[in-house]
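What follows is a short report on a single structure.
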Amino acid sequence: MQSDGGLVRMENFRGARAILSGPAGGVVGYAMTGARETNAPLIGFDMGGTSTDVSRYAGSYEHVIESTTAGVTIQAPQLDINTVAAGGGSMLFFRSGLFVVGPESAGAHPGPACYKKGGPLTVTDANLILGRLLPEYFPKIFGPKENEALDFAVTKEKFEKMRVVINEYLQSGGDTKQLSVEDVALGFIRVANEAMCRPIRALTQARGLDTSQHVLACFGGAGGQHACSIARELGISKVLVHKYAGVLSAYGMALADVVQETQEPCGLSFSAENAAFFKSRLDALSAQCTSSLQSQGYSKIELEPFLHLRYDGTDCALMCSPAATARKEDALLASYGDFIDTFLQRYRTEFGFVLQNRAIVVDDIRVRGLGKNNTPPELEIASASVETPKPVGFTRIFFEQGAHESPIYLTSSLLAGSKIIGPAILIDQLSTILVEPDCVAEVTKHGDLVINVCSSNRTVVDCKLDAIQLSIFSHRFMSIAEQMGRVLQRTSISTNIKERLDFSCALFGPDGGLVSNAPHIPVHLGAMQETVQYQLRVRGDSLKNGDVILSNHPQAGGSHLPDLTVITPVFYRDQPKPVFFVASRGHHADIGGITPGSMPPHSTSLAQEGAAFKSFLIVEGGVFQEKNIVERLTTPSGAKGATGTRNLPDNISDLKAQIAANHKGIQLVSELIDSYGLDVVQAYMNYIQQNAEVAVRDMLKEIAQNVLKRNGSTTLEAVEFMDDGSPIKLRVEIDPVQGNALCDFTGSGPEVWGNCNAPRAITLSALIYCLRCMVGHDVPLNQGCLAPIKVIVPQNSILDPSEGAAVVGGNVLTSQRIVDTVLKTFNVCAASCGCMNNVTIGDEEWGYYETVAGGAGAGPTWHGADGVHTHMTNTRITDAEVMELRYPIILKRFCLRTDQSGGAGQFHGGEGVERELLFRKPVTLSILTERRTLQPYGLAGGQPAKRGLNLLRKPDGRVISLGGKTCIDVEAGDIFLLKTPGGGGYGVPDVTADAGKVVSHTEKHNLTERGSVFEYRQAQESA
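Numbered by the UniProt record's numbering, the letters in the sequence shown go through residues 1 to 1023 in order.
In structure tokens, the structure reads:
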């Protein structure tokens, strides 16, 4: 079995093509069997012991060509299966008022507490407490000698201890409600269900699909216990449970066909003159597949032709195969069908639009051959004489509405047509199926179960704080920001946003305070809040439904001018004022200024850096103000040598994409309010912010106690320097009782005659980021993080410059030094490379921008990572093939530095990278970097890292040092060599120690997620 859902002969087997063979079997299983019960698209929900796999089938298998598993990138066709760390073995925690499920897993050993091997509380234990697992129907394979039953008593004892802790916490906050053991267990189940709903929403809603129009195909050992709740949360009305659900992956392998894949690269445009070539190659690849399958003894063969299509100038290719019904004689490739119709339809569905007058390129030509196996049809079972079968017993099950005495049925005794009205438990040899209240299960003629789910059975939630509901809202708020990001990536045009993912999306309260943000760019976080709050101060009550604001000015919460922020107020029904705000910030490759790419290394005034907007109505009353925005973007700022934008089409397209992302956010916020009510949603918005505040206060109290013992004082101080000598100074005074802190940057350098000035919002972003890192576990990242902090930033300093000061370097360089200073003050870890290593290349017609990775700093228990983006940036670098195809650049070398750039120590710092770019034509090269003079510091006796280096190698062999900041016209044949700094070491180097030994924080079994949804998030963190 292979990851693509097909079988292969043993002699042709390749391990890399079978990484997901088990989950792929499950997809084939529900796809082949579910289609006979419904014509609706299916969502696969495979919940096992450690994880849950989510997938989708809508008449054809959804493949990805490249994926990352356990950190290894594999380029081979795979079914798009998304794995999340929420399974029966996911561990349960109560942290700072939140119910937390995973990602740590108990694994098979010791396993859940009920396995009687000393394991922790898990989702399985919660189901046992609630009566959803019946020990008498499980084999006696548990305990130290693996001969005992599931242990209810030890699970009850552990939940009782957790219940006491939770109730004490709630009472300390004034909540007199006492949670029972069952309340606690049910709370964790509800949070786990919401965690599993998030990837399903990402597979459907974020792709422009309606989740409620799907059928949930449930399988895996644990899936049946959660299926009804998952379906209800997603608005899905029908659940399918195959009779072999517990082993559907194995059953699916038996149903799979033998697959023969052939593929070759192309690169030609899809046009009439190339049609004959495409047809000849499809014919040739089809012949190869047919010959191979015939040699294996298959006579019944199906061929699926594919063209990997994308718009010219974009990197988002779609693998397209026209359905047989769509093949028509007037198509360009008449014998194969209309590929373009398929491409346009898929592009419009996934991205919401198509591009006019843009060529379509064929990246690859592929044929998938299927050798059809003669699978015998499933036997039908006998029909029931009465609809309601007789139960074998009764048990007490706990639900949100309370406890129910519920019947128990054995699936082996059920006949076709039998109906089971929930609540009830169905026991199978391989799984347990829970039919919840107001759900009805019916047995099909093949022995499968179809459960009809009533969507109206939602618990009424009031405005009073409920810790369980708080955890659920935390997921819902985060999901809104994540889906906004997916829409922005899908609908954008530019390399910067679509491929490098240099953007952020967030949700804000009616006061402009940050509620939730997706895991995008850290430097945007606090700054976006400042931008929204500036608009509230300036516009007051003048905002109307249908208005959208554009802003990028540093005095309005902007970070630097290329980062354009689009803000949309959320109006709800008859409310006169916005009830929320949504915003998206994206880095535009060019908005004018004195150099291509709008990142001039030697700018001394804001006017030299491009177009500036404090509060510009880009949409007014629902009408896009294209004429006004075009005029503003194309008009030079007035600075000597400055021009307007050099890429207006991409600017306009990406701004529309940001508006579309905000619109998605409005839609999701409105749906959430429809479900719970405005008062409840806004109440939990405040509770989420308060929760983050509590987490930070607890962390500060702990730090204060440790510092007090060590130093006799709760005052911390540190200073770091920019390469020009400008100090970044921080003094922190912590109240060990209240958990308050004063962060005073007095003593930092004055505003500089250059562009390393950082707007005040960047300092707030850096503080939020550092506080979130120091908390040490997953907490909501919002304005509550700063509530215990009083921040003093001196005016007219490098951290709060005057209105006209240049700031382009402050966002990408000074922000990193602020983080270095904060982490040094708290003695957390050694310095990372301390620079985003900004490289901008272009001419008067185009611009290209990238940030390059470096080494991460080491800490008390870890080595620094090699070649990664750290701290305030986590953008993705452009693929070499994409860069070389679109721009006159050849990537000659990209590797880790080999000169021990990471600082030595008990834990060594990470290595920087080397990157060599060969220019094929004359262009302007701009470099904006730091740590070229001063080294990233080591900590606790660790050694500093090596500095970075920027060199230009001429064709005649001369090598020129470019310094840290420069703008130079280079010629064809010139080579730019970039060496980025490493990370500092931690602890005194021990020459006798095992250099390869790494001490982990704790022994945790953390599941590695995978799939296209995970790939999207991971891409934002990869270099």
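Positions of the beta carbon are idealized from the N, C-alpha and C atoms, including for glycine. Remember, predicted model here, so these are calculated numbers, not experimental data.
Pair within 8 Å by beta-carbon distance, residue i and residue j
i	j	result
residue 793	residue 786	no
residue 843	residue 924	yes
residue 473	residue 550	no
residue 604	residue 806	yes
residue 417	residue 384	yes
residue 955	residue 973	yes
residue 488	residue 657	yes
residue 651	residue 583	no
residue 314	residue 493	yes
residue 915	residue 893	yes
residue 610	residue 593	yes
residue 978	residue 838	no
residue 24	residue 81	yes
residue 107	residue 48	no
residue 43	residue 217	yes
residue 66	residue 75	yes
residue 451	residue 241	yes
Interface flag, residue i vs chain C, CB-CB below 8 Å
i	result
residue 570	Included in the structure is just one protein chain, with no chain C present.
Where the alpha helix (DSSP H) through residue i begins and ends
i	result
residue 473	467-491
residue 74	That residue, residue 74, is in no alpha helix (DSSP H); its beta strand (DSSP E) goes 72-79.
residue 319	Note, residue 319: premise wrong, no alpha helix (DSSP H); beta strand (DSSP E) at 318-320.
residue 229	227-234
residue 260	It is not in any alpha helix (DSSP H) - residue 260 instead sits in the beta strand (DSSP E) that spans 258-269.
residue 765	760-775
residue 253	248-255
residue 880	880-886
Collapsed DSSP secondary structure at residue i in the structure displayed
i	result
residue 702	helix
residue 825	helix
residue 953	strand
residue 132	coil
residue 645	coil
residue 999	Because residue 999 carries a pLDDT of 41, less than 50, the predicted location of this residue cannot be relied on, and the following value inherits that uncertainty. In this structure, residue 999 counts as coil in the three-state DSSP scheme.
residue 149	coil
residue 660	helix
residue 896	strand
residue 10	helix
residue 177	coil
residue 872	coil
residue 838	strand
residue 162	helix
residue 122	strand
Proximity winner among the options, relative to residue i (alpha-carbon distances)
i	options	result
residue 229	56, 293, 354, 436	436
residue 26	462, 720, 246, 190	246
residue 849	595, 906, 828, 411	595
residue 731	154, 21, 742, 684	742
residue 162	616, 122, 150, 207	122
residue 912	945, 881, 117	945
residue 148	286, 251, 136, 157	136
residue 181	159, 937, 982	159
residue 699	728, 505, 710, 738	738
residue 922	881, 951, 970, 981	970
residue 114	125, 264, 108	125
CB-CB length for residue i against residue j, believed under 8 Å
i	j	result
residue 568	residue 666	6 Å
residue 503	residue 585	6 Å
residue 975	residue 953	4 Å
residue 941	residue 987	6 Å
residue 928	residue 812	6 Å
residue 717	residue 817	That pair is no contact at about 16 Å.
Boundaries (first-last residue) of the beta strand (DSSP E) holding residue i
i	result
residue 743	741-744
residue 464	No beta strand (DSSP E) holds residue 464; DSSP gives it neither H nor E.
residue 369	360-371
residue 568	563-570
Proximity test, residue i beta-carbon vs the ligand NAD heavy atom, cut-off 7 Å
i	result
residue 635	Ligands are entirely absent from the displayed structure, and the ligand NAD is therefore not among its contents.
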